[in-house]
Structures are given as C-alpha cells and as structure tokens.
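Only one structure is covered here, and it is reproduced in the block below.
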Amino acid sequence: MTTLSLVTGASRGLGRNTALSIARHGGDVIITYRNGKEAAEAVTADIRSLGRKAVALQLDVSNVSSFPDFVVAVRAALKDNWGRDTFDHLINNAGHGEMADFVNTTEEQFDALFDVHIKGVFFLTQSLLPILADGGRIINFSSGLTRVSFPGFSAYSAAKGAVEVLTVYMAKELGSRGITVNTIAPGAIETDFLGGAVRDIPDYNKAFAGMTALGRVGLPDDIGPMVASLLGEDNRWVNGQRIEVSGGQLI
C-alpha cells in the first residue's frame, strides 16, 4: 500500500522539498501551510504531476486550540482522498527563525519560538496520534545550532534542543506501537529562513561555507531526499536518533 505522509510547513523551503522528495520516492502527501495558500497549492500540483496524490490544509502550529479542528480536517481528507482513516508518517517541519543576541531577546520573541518549535510539535503530535498508523514514523526538525553556538540564536537553539530531548521520550513511549521517532538537524541551508540570509547575503553564505567540511552551505535538495530515505523500510531500525545533515559543519 502507498505510504501517506503529513508534512507541516510545506508550502516553501525545506518542507516543500521534503514533500516533493517523498512523492519522488512513491509516497502521497498531506501538506500544511499557515498563510501561503497559493504556494501550497502549487506544491500539491507539483506532487500530482509526479503521479502522487496530495492535499493542502491550513494550520498554524502555534495555535494549539486549533488542533482539534485540524484533526477533523485530516480525517476528512483521509476518507475523501484515500479511503482510509490513518496516515503513516508525520514530519514536524514548520518553523521560523528569530535572530537576536541573548541580552536583547524579548519575551515575545522567546514565546513565539517556543510556541512553534516545541509546544506546537508536542501538542500537534499528541493530537494526531490517534490517526497515525501503528508502525509509523515521526521526524522532528531541529538544527545544527544545538551543537554549536552562533551569536543571535540562543532562544531558537534552546527550542530546538528541547525538540531533540522530546524526540527521545517520544521514541521510548511510542515504541509499543512500533512508531519510530527521529530528529533531523540541518546545517546552514539556502532557503528563505531569516529572510533568506544564508541564501542572499554573500558574507553569511561565505562564513557558513567556511565552517563546513564540504566547503559550501546546504541546499534544500541536500535535506528533503535524506528525509524521504529515512522514511523508507530500509531505515526501520533507526529510532531515537539525532541525525545531522550539514555537510560536516564545524567538525
């Protein structure tokens, strides 16, 4: 049976690339978007052009109170498009960045980062567990910045560090259902993260490339295919791991 993955924040960036990579590996995809409906619909069109099924649903992962209605929407999409009541893979990708030195980080910035990157991941996964198939997979996105310090990312990296700890607990507690849970930690990637800083600011790009053993920053195509391969049957015994995908950043 064709696998079905739900990828949050997949209208752009790494989420988009992950969704398309899953489709290229033969899977169907439900993607979520916060505001970019047109971009999300373009992604689903691209997935369908690959011969796979896709649906886009609106979701703000920082709004926990909206999760019950979102689960209802997912159930409806499953029934209407796939004739089933569960999906196989949850990829918690949705997120954003804030760059501020520790002494200048505001409570508002801190709360926004933790609401999306850890509180949202925690309670969205909890909400979706009844319709995640036994033997399924969960992948949480973290960051290479949890293993090194780089000015401006204390709150963001702290939230991502919490995701990594949560991943281990989820892997332990969901093991009885045969569900694996792993963390992917990308290094610096050329996306629109932080307004496209790594992609569009030459000094940033050069600085991160100089920290990386392979001599360049990453591209979305370096991440999405790896996520898709981790979902494959060949990786069924990988569980509770933090897997850095950074080209050897700061080794």
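Position in the sequence shown counted from 1, then plus 1492, gives you the numbering used here. No residue lacks a Cβ here, since even glycine has one placed at the ideal position from N, Cα and C.
Residue range of the beta strand (DSSP E) that includes residue i
i	result
P1678	1672-1678
A1548	1546-1550
Where the alpha helix (DSSP H) containing residue i begins and where it ends
i	result
L1620	1612-1620
G1507	1505-1516
E1533	1529-1541
A1586	Note, A1586: premise wrong, no alpha helix (DSSP H); not H, not E.
S1721	1712-1722
L1605	1599-1606
N1697	1694-1702
Assigned secondary structure, residue i (DSSP; H/G/I helix, E/B strand, else coil)
i	result
V1645	Checking the sequence, you will find Phe at residue 1645 rather than Val. Three-state result, F1645: strand.
R1576	coil
I1681	strand
V1521	strand
R1567	helix
S1497	strand
R1734	strand
L1658	helix
N1632	strand
D1626	strand
A1663	helix
A1705	coil
Option nearest residue i by Cα separation, candidates the options
i	options	result
R1691	D1561, N1674, L1706, L1711	L1711
R1708	N1573, K1698, L1658, P1678	K1698
S1497	R1728, K1545, Y1525	K1545
A1534	P1643, S1558, N1509	N1509
E1530	A1511, V1556, S1503, A1515	S1503
N1573	D1520, T1598, G1587, A1604	D1520
G1716	N1632, T1494, K1652, F1700	N1632
K1652	K1611, L1620, T1617	K1611
G1587	T1495, R1576, G1501	G1501
S1513	P1560, L1722, N1584	L1722
H1517	V1595, G1724, W1729, V1730	G1724
V1556	R1728, D1714, Q1618	Q1618
L1624	T1598, D1580, V1657	D1580
L1706	F1606, D1538, T1638, A1680	A1680
7 angstroms Cβ cutoff met for residue i and residue j
i	j	result
S1541	G1636	no
V1613	V1655	yes
I1735	I1671	no
A1569	F1602	no
D1626	R1669	yes
V1499	G1505	no
Q1741	M1703	yes
A1532	A1515	no
L1616	F1700	no
V1673	T1659	yes
M1591	G1628	no
L1582	I1522	no
Q. Do the segment 1548-1557 and the segment 1523-1531 touch if we need at least three Cβ pairs shorter than 8 angstroms?
A. yes
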